[in-house]
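Peer 1: Taking our numbering, I'd label the letters of the sequence shown as residues 13 to 263.
Structure in C-alpha cells, see below.
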Amino acid sequence: MKDLLTDTEGIVLRQTKTSYGRRMILLFSKKYGKISAGTGINEKGRGKSSLALRPFTYGRYELFKNRDSYNINGADVIRSYYAIGEDVDKYMNGAYVLEFTERVLEEGVPSPGMFNLLIDFFDLLESRDRGIGTLVLAYQTKVLRYAGVMPQLEHCAVCGEKKQAAKFSIEDGGIICGDCLRDMENLEAHTLIYDLKFGILDVLKYFMANPLKKLENIALKEDAGKLLQEIIRKYAAYYLDTSDLKSEKLI
Numbered sequence: 013m014k015d016l017l018t019d020t021e022g023i024v025l026r027q028t029k030t031s032y033g034r035r036m037i038l039l040f041s042k043k044y045g046k047i048s049a050g051t052g053i054n055e056k057g058r059g060k061s062s063l064a065l066r067p068f069t070y071g072r073y074e075l076f077k078n079r080d081s082y083n084i085n086g087a088d089v090i091r092s093y094y095a096i097g098e099d100v101d102k103y104m105n106g107a108y109v110l111e112f113t114e115r116v117l118e119e120g121v122p123s124p125g126m127f128n129l130l131i132d133f134f135d136l137l138e139s140r141d142r143g144i145g146t147l148v149l150a151y152q153t154k155v156l157r158y159a160g161v162m163p164q165l166e167h168c169a170v171c172g173e174k175k176q177a178a179k180f181s182i183e184d185g186g187i188i189c190g191d192c193l194r195d196m197e198n199l200e201a202h203t204l205i206y207d208l209k210f211g212i213l214d215v216l217k218y219f220m221a222n223p224l225k226k227l228e229n230i231a232l233k234e235d236a237g238k239l240l241q242e243i244i245r246k247y248a249a250y251y252l253d254t255s256d257l258k259s260e261k262l263i
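Following this line, the structure appears as C-alpha cells:
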C-alpha cells in the first residue's frame, strides 16, 4: 500500500504521551474503525487542531497513512461536547462509555452504525439532566447488536420455541422457558441466571426497537436500573471481554 493523505471523521477514545512531545491517539474513525495514530500536535494549545484532540470532541482528522501506521497531521472540530466535562456525573458516565466502546471495537474494522450511535449518545448525554444511567444501558444494549451478540429476547435461547420467558440466562444467550429451566441439571450452580423482575424484558425490547434519541425522556426506577445494569455488564463481560474496565468503578 502506498503512503497517502486521507481524512476521516472521528472521536478520540484515548491518548497517551510519548517522547519528544508526541502523543499516541486511539481514534474511533468512521472510515477506518479503531486506529492508533501518532501526532505532534500540542493538545494543550488553542488552535483548531489541538481542540479536536480533547475528550468528548467529534472532529475531522487529516491522516498520513502508510503500511504500518497513521499520523494525525491536522484536525478540525465538528462539535465539541464541552458540557459533558463540566458535570462530574456526565463525565464519569461518558468516560465509561468510551472505554466500553474501545474494548468492543475491533482494530481497523469500520463500524459506521456504532459510530453514529456514539454521536447520538453524546448528543443526549450533554443535554440530559436525569436518567443518565438509563441512557448508558440503552447505548450498551444497542452495542450488543452491532457486536453480533445480542441476546435472544423473543424465543427460548435453549429450545428455540416461543414460550413464556421464565428466566434470563447469560450462558445460554437470552431468555429461557420454564420447561428448559426445569430440565437444567444442578440449577443452583448456575450463577448467571436472573429473574425477569421489574419489567426488564420489556425494557430491553423497547431499547432495541427504538432509536436512542427516542429514549431521551426515559429514566428507569432504581430497582429495575440496578438489575438491568448487572445483567448487561455481566453479559458484555461474558461475550465481549469487558470485565475489567477501570472506569466501571466510578459510576
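From the three backbone atoms N, C-alpha and C, an ideal C-beta is built for every residue, glycine too.
1) Any contact of the stretch 111 to 124 with the stretch 74 to 86, i.e. 3+ C-beta pairs under 8 angstroms?
2) So, under 8 angstroms CB-CB, Ala64 and Ala87 are touching, yes? Tell me the CB distance rounded to an integer number of Å.
3) Excluding five sequence neighbours on each side, which residues of the same chain lie with their C-beta closer than 7 angstroms to the C-beta of Thr153?
4) In terms of residues, what are the limits of the beta strand (DSSP E) holding Leu257?
5) Pick out whichever of Leu193, Val161, Gly160 and Met162 has its Cα sitting closest to the Cα of Lys175.
6) According to DSSP, Gly71 sits in a beta bridge with which residue or residues?
7) Looking at the unbroken beta strand (DSSP E) that takes in Arg35, where does it start and where does it end?
8) Output the boundary residues of the alpha helix (DSSP H) element that contains Asp132.
9) Rounding to the nearest angstrom, what Cα-Cα distance links Glu114 and Lys42 in this structure?
10) Can you give me the Cβ contacts of Leu257 inside the same chain, cut-off strictly under 8 angstroms, excluding the 5 residues immediately before and after it?
11) Quick one: measure Cβ to Cβ for Glu138 and Ala95, integer angstroms, because I've assumed they're closer than 8 angstroms.
12) Which word fits Met126, buried or exposed, when buried means at least 16 other C-beta atoms lie within 10 angstroms of its C-beta?
13) If we count the other Cβ atoms within 10 Å of its Cβ and call it buried at 16 or more, is Cys171 buried or exposed?
14) Apply the 10 Å Cβ neighbour rule to Val24 and answer buried if 16 or more other Cβ atoms are within range, or exposed otherwise.
15) Exposed or buried, Gly186, counting other C-beta atoms within 10 Å across all chains shown (16 or more means buried)?
16) Can you tell me which residues form a DSSP beta bridge with Ile144?
17) Could you tell me which of Leu240, Asn105, Asp141 and Lys225 sits nearest to Ile205, measuring between CA atoms?
18) Closer than 7 angstroms by C-beta to Ser61: which residues in its own chain qualify, once you throw out the five before and the five after it? Chain order, please.
Peer 2: Let's see:
1) No, the stretch 111 to 124 does not touch the stretch 74 to 86.
2) For the purposes of this step, residue 64 is taken as residue 52 along the sequence shown, with counting starting at 1. For the purposes of this step, residue 87 is taken as residue 75 along the sequence shown, with counting starting at 1. That pair is a contact at about 4 angstroms.
3) What you label residue 153 is simply residue 141 of the sequence shown in a count that begins at 1. Excluding its 5 nearest sequence neighbours in each direction, Thr153 has C-beta neighbours in its own chain below 7 angstroms: Leu216, Phe219, Met220 and Ile244, listed in chain order.
4) Taking the sequence shown and counting its residues from 1, the one referred to as residue 257 is at position 245. In the DSSP assignment, Leu257 falls outside any beta strand (DSSP E) and carries neither an H nor an E.
5) Start at 1 with the first residue of the sequence shown, and residue 175 comes out as number 163. The alpha carbon of Lys175 has as its nearest neighbour, out of Leu193, Val161, Gly160 and Met162, the alpha carbon of Leu193.
6) Position 59 of the sequence shown, counted from the first residue, corresponds to residue 71. DSSP lists Gly22 and Val89 as partners of Gly71.
7) To locate residue 35, count along the sequence shown from 1; it is residue 23. Arg35 -> beta strand (DSSP E) spans Arg35 to Ser41.
8) Within the sequence shown, numbered from 1, the residue matching residue 132 stands at position 120. Where Asp132 is concerned, the enclosing alpha helix (DSSP H) stretches over Pro124 to Ser139.
9) Taking the first residue of the sequence shown as position 1, residue 114 is located at position 102. Taking the first residue of the sequence shown as position 1, residue 42 is located at position 30. Spanning the two alpha carbons is a distance of roughly 14 angstroms.
10) One-based indexing of the sequence shown puts residue 257 at position 245. Result list for Leu257: Tyr108, Glu111, Phe112 and Arg115, in chain order.
11) In the sequence shown, residue 138 corresponds to position 126, counting from 1. In the sequence shown, residue 95 corresponds to position 83, counting from 1. Under the criterion of beta carbons closer than 8 angstroms, Glu138 and Ala95 qualify as touching, at roughly 5 angstroms.
12) On the sequence shown, residue 126 is found 114 positions in, with the first residue counted as 1. Under this definition Met126 is a buried residue.
13) Taking the first residue of the sequence shown as position 1, residue 171 is located at position 159. Burial call: exposed.
14) Here residue 24 refers to the residue found at position 12 when the sequence shown is read from its first residue. With 16 or more other Cβ atoms inside 10 Å of its own Cβ, Val24 counts as buried.
15) Start at 1 with the first residue of the sequence shown, and residue 186 comes out as number 174. Of the residues assessed, Gly186 falls on the buried side of the cut-off, its CB having 16 or more other CB atoms within 10 angstroms.
16) Along the sequence shown, one-based indexing puts residue 144 at 132. Answer is none; Ile144 lacks a bridge partner.
17) For the purposes of this step, residue 205 is identified with residue 193 of the sequence shown, where counting begins at 1. Minimum Cα distance to Ile205 is reached at Leu240.
18) Along the sequence shown, read from residue 1 onward, the residue named residue 61 stands at position 49. Scanning its chain for C-beta atoms nearer than 7 angstroms, with the 5 sequence neighbours on each side dropped, one finds around Ser61 the residues Ile53, Gly86 and Ala87, in chain order.
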